[in-house]
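J.: Residue numbers (the working numbering): 125 to 749. From the three backbone atoms N, C-alpha and C, an ideal C-beta is built for every residue, glycine too. Starting off with a structure, shown below.
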């Protein structure tokens, strides 16, 4: 039996053996423990200022006198249990006195502290109150507004809320939460019927208070203003803060606010695979609603490509990053925008031009004649057919040919495609081209349904509150090797200096077509095609990869045109972007006596083409003078 753990009457027995004789003996004894009590629990200072520290003391007594042996005493309280106070516990008595500290962490009310100790299985306790003063408001902070985009009244639906919960938090000067404090709320504007669920709210145990903002009928930014009296001694002192900006809008992208772009239009992708530049590109979509506010974060956009490979989808306002362990994290991005990777890979269209189609759920665009922010019957709107991926397209204009914005209902699809070799019926899908079934009716439906489809239509006539908004572009897969062709003479025959005859040094220009080696001849690059190029023969090819460096070096004559050119970032199919006029003149010199000197009279002009990956193409043209 451990000493000091049990009271009562006991017998102690002993035995021993001396030689062959056994000897035994016993004695009786009694053990008694004192009956402990505790003095009143004291707290100093009292009352305790908010955020302050108090000293708590209690004396363990035996018959009214301090119990001298060391004794463990535990302290507890409701605020300590709730994390709104910190008490050092347990502590050991010194000459019967147990002393500990009490630190306020936002209790803000009288806190009943219990001190207890146990001796020989008997527990004694005492309670006392720490009078913690209510914290004075020190700082009022905005916490959150979810969601930040509120749909117009009457336009909510799946994924679109017509209200937002706005939360604020009140702390004292020490940073602890303040509970039980009324907070007043107001809106920065009430246009269109914007309203709050409550004008006041009381902070909870964590110091937070909230209200709900309900959307009105007008597109507008709005903030919630929260305020409280700053001091019980000075009612005029006010603590005020405002929420982040909320936007009341449709939250649904519309067609004429759909924008698609690529970082590099002409990648070095016909002969190399890869995603990073120069072999691939980043394709970015930007979406906005009828009021041209960015689409809400998390709006999904899907992608499909005629060739190469492209990420299947992205979410606006978010950036996805794949870590080395394969896990995916998402971070805040640009509102209304998101980006996917386009990678050079098989399949590769023969003409090197890949149509990329992006689409999302949204609404048709309309012209709000009466300015009521809603579609009204009779107002002009864009009646969308179902999107398809036009794999015959060679420019962005062609790729978007069947869903241009029409100024009036029933107008023909616009724009048409007047200048590629597939221009006939370019706005019509052909077999094999991918289409998106917006209306659920089997087969591609090129025409709209004759009515406005969107969330801004409040009558019951619309069968589809949303449809597919879309955009497309053409990504060029250029070859690394260059083709260099002169459209004029095959050499530079410069002015010849003859002694005794006045020397007229006339510049000579050759037009050099410097492009990739794709064999496709686009309509505008054919001999005799309409336009200002005046081509003597058909010119096949696409523009070289963006960033390709073209250098001209003359070993005879003087180069008057630029000595180097960098290929621009474009998907323009016209040869106009890759025909370079190269101008030279003789470097012969004639003195005042009409005597000519010309160190070199026959050499060459060298054209050096270096692709972004380092592939070099060389071509030389004779130069005589």
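(1) On the DSSP bridge assignment, give the partners of residue 277 in chain order.
(2) With DSSP as the reference, label residue 621 as helix, strand or coil.
(3) Look up residue 495 in the DSSP assignment and give the residues it is bridged to.
(4) Provide the residue span of the alpha helix (DSSP H) that contains residue 520, from first to last.
(5) I'd like the span of the beta strand (DSSP E) that includes residue 204, first residue to last.
(6) Per DSSP, what are the beta-bridge partners of residue 255 in this structure?
(7) Under 7 Å Cβ to Cβ from residue 727, same chain only, skipping five residues before and after it: list those, please.
(8) Using only the alpha-carbon positions, how far apart do residue 216 and residue 133 sit?
(9) Is the stretch 611-626 touching the stretch 401-418, taking contact as three or more C-beta pairs under 8 Å?
(10) Under three-state DSSP, which class holds residue 168?
(11) Helix, strand or coil for residue 239? Go by DSSP, reduced to three states.
(12) For residue 435, tell me which candidate among 411, 467 and 457 has the shortest Cα-Cα distance.
(13) Pick helix, strand or coil for residue 318, following the three-state DSSP scheme.
(14) What does the alpha-carbon distance come out to for the pair residue 242 and residue 444?
(15) To the nearest angstrom, how far is it from the Cα of residue 528 to the Cα of residue 490?
(16) Please classify residue 153 as buried or exposed, where buried requires at least 16 neighbouring CB atoms within 10 angstroms.
(17) To the nearest angstrom, report how far apart residue 346 and residue 643 are at their CA atoms.
(18) Can you round the beta-carbon distance between residue 225 and residue 290 to whole angstroms, since I take them to be within the 8 Å contact cut?
(19) So what does DSSP say about residue 695, is it helix, strand or coil?
(20) Per DSSP, what kind of secondary structure is residue 563 in: helix, strand or coil?
(21) Does DSSP put residue 407 in a helix, in a strand, or in coil?
(22) Residue 456 and residue 441 look like a contact to me (Cβ under 8 Å); what is the Cβ gap, rounded to whole Å?
(23) Would you mind stating whether residue 269 and residue 198 have Cβ atoms separated by less than 8 Å?
(24) Of all the options 379, 195 and 512, which has the alpha carbon lying nearest to the alpha carbon of residue 567?
(25) Residues bridged to residue 414 by DSSP?
(26) Taking the alpha-carbon positions, what's the residue 351 to residue 412 distance?
(27) Going by beta-carbon coordinates alone, are residue 593 and residue 484 separated by less than 8 Å?
(28) Where do the ends of the beta strand (DSSP E) carrying residue 730 lie?
(29) Whole angstroms is fine: what's the gap from residue 598's alpha carbon to residue 659's?
(30) Does DSSP put residue 143 in a helix, in a strand, or in coil?
(31) Considering only the beta carbon of each residue, do residue 438 and residue 399 sit closer than 8 Å?
(32) Grab me the residues of residue 324's own chain with a C-beta within less than 6 Å of its C-beta, minus the 5 sequence neighbours each way, in chain order.
(33) I need the straight-line Cα distance from residue 734 to residue 661, nearest angstrom please.
(34) So, at 6 Å on beta carbons, what are the nonlocal neighbours of residue 393 in its own chain, with the 5 sequence-adjacent residues on each side left out?
(35) Just the C-alpha distance for residue 406 and residue 458, rounded to the nearest angstrom, thanks.
(36) Quick check on residue 722: does DSSP put it in helix, strand or coil?
T.: Considering the structure as presented:
(1) Translated into positions along the chain shown, residue 277 becomes position 153. Checking the DSSP bridge columns, you'll see residue 277 has no partner listed.
(2) Mapped onto the chain shown, residue 621 falls at position 497. Coil, per DSSP.
(3) For the purposes of this step, residue 495 is taken as residue 371 along the chain shown, with counting starting at 1. In DSSP, residue 495 forms no bridge with anything.
(4) The residue you call residue 520 lines up with position 396 of the chain shown. First-last of the alpha helix (DSSP H) with residue 520: 520-523.
(5) Counting from one through the chain shown, the residue named residue 204 turns up at place 80. Following the DSSP letters along the chain, one finds residue 204 in no beta strand (DSSP E) but inside the alpha helix (DSSP H) bounded by residues 202-205.
(6) By 1-based counting over the chain shown, the position of residue 255 is 131. In the DSSP output, where bridge partners are listed per residue, residue 255 has 234.
(7) The residue you call residue 727 lines up with position 603 of the chain shown. Taken in chain order, the residues that qualify are 679, 680 and 747.
(8) Position 92 of the chain shown, counted from the start, is the residue given in the question as residue 216. Position 9 of the chain shown, counted from the start, is the residue given in the question as residue 133. Distance between the alpha carbons of residue 216 and residue 133: 30 Å.
(9) The stretch 611-626, when compared against the stretch 401-418, does not touch it at the 8 Å Cβ threshold.
(10) Translated into the one-based positions of the chain shown, residue 168 becomes position 44. Strand.
(11) Numbered from 1 along the chain shown, position 115 holds the residue referred to as residue 239. Reduced to three states, the DSSP call for residue 239 is strand.
(12) Counting from 1 along the chain shown, the entry for residue 435 is found at position 311. Closest in C-alpha terms to residue 435, from the list 411, 467 and 457, comes 467.
(13) Within the chain shown, residue 318 is the residue found at index 194, counting from 1. The answer is coil: DSSP assigns residue 318 none of H, G, I, E or B.
(14) In the chain shown, residue 242 corresponds to position 118, counting from 1. In the chain shown, residue 444 corresponds to position 320, counting from 1. Rounded to whole angstroms, residue 242 to residue 444 spans 59 Å at the Cα level.
(15) Taking the chain shown and counting its residues from 1, the one referred to as residue 528 is at position 404. Taking the chain shown and counting its residues from 1, the one referred to as residue 490 is at position 366. Reliability of the predicted coordinates at residue 528 is poor, the pLDDT of 44 falling under 50, and the value obtained from them is presented with this limitation in mind. About 13 Å.
(16) The count along the chain shown starts at 1 and reaches residue 153 at position 29. It is exposed - the Cβ of residue 153 has fewer than 16 other Cβ atoms within 10 Å.
(17) Within the chain shown, the letter at position 222 stands for residue 346. Within the chain shown, the letter at position 519 stands for residue 643. Going from the Cα of residue 346 to the Cα of residue 643 covers about 58 Å.
(18) Within the chain shown, the letter at position 101 stands for residue 225. Within the chain shown, the letter at position 166 stands for residue 290. About 38 Å separates the two Cβ atoms, so there is no contact after all.
(19) In the chain shown, the residue the question calls residue 695 occupies position 571. Residue 695: coil per DSSP, three-state reduction.
(20) Your numbering for residue 563 matches position 439 in the chain shown. Residue state, collapsed to three classes: coil.
(21) Taking the chain shown and counting its residues from 1, the one referred to as residue 407 is at position 283. Residue 407 sits in a strand when the DSSP states are folded into three classes.
(22) Position 332 of the chain shown, counted from the start, is the residue given in the question as residue 456. Position 317 of the chain shown, counted from the start, is the residue given in the question as residue 441. Between residue 441 and residue 456 the Cβ distance is about 7 Å, and since that is below 8 Å, they are a contact.
(23) The count along the chain shown starts at 1 and reaches residue 269 at position 145. The count along the chain shown starts at 1 and reaches residue 198 at position 74. Contact flag unset, no.
(24) Position 443 of the chain shown, counting from 1, holds the residue named residue 567. Closest option to residue 567, Cα to Cα, is 512.
(25) Against the chain shown, residue 414 aligns to sequence position 290. Answer is none; residue 414 lacks a bridge partner.
(26) Taking the chain shown and counting its residues from 1, the one referred to as residue 351 is at position 227. Taking the chain shown and counting its residues from 1, the one referred to as residue 412 is at position 288. Those two C-alpha atoms are separated by around 34 Å.
(27) Against the chain shown, residue 593 aligns to sequence position 469. Against the chain shown, residue 484 aligns to sequence position 360. In contact: residue 593 and residue 484 (Cβ atoms closer than 8 Å).
(28) Against the chain shown, residue 730 aligns to sequence position 606. Unbroken beta strand (DSSP E) run through residue 730: 726-734.
(29) By one-based count along the chain shown, residue 598 stands at place 474. By one-based count along the chain shown, residue 659 stands at place 535. Computed Cα separation, rounded: 25 Å.
(30) Position 19 of the chain shown, counted from the start, is the residue given in the question as residue 143. Three-state result, residue 143: coil.
(31) On the chain shown, residue 438 is found 314 positions in, with the first residue counted as 1. On the chain shown, residue 399 is found 275 positions in, with the first residue counted as 1. Cβ distance not < 8 Å, so residue 438 and residue 399 don't count as in contact.
(32) In the chain shown, counting from the first residue as 1, residue 324 sits at position 200. Result list for residue 324: 306 and 308, in chain order.
(33) Start at 1 with the first residue of the chain shown, and residue 734 comes out as number 610. Start at 1 with the first residue of the chain shown, and residue 661 comes out as number 537. One C-alpha to the other measures close to 26 Å.
(34) Looking up residue 393 in the chain shown gives position 269. Excluding positions up to five away in sequence, the list reads 403, 468 and 601.
(35) For the purposes of this step, residue 406 is taken as the residue at position 282 of the chain shown. For the purposes of this step, residue 458 is taken as the residue at position 334 of the chain shown. Using only the alpha carbons, I get a separation of about 15 Å.
(36) Here residue 722 corresponds to residue number 598 of the chain shown, with the count starting at 1. Note: residue 722 maps to coil in three-state DSSP.
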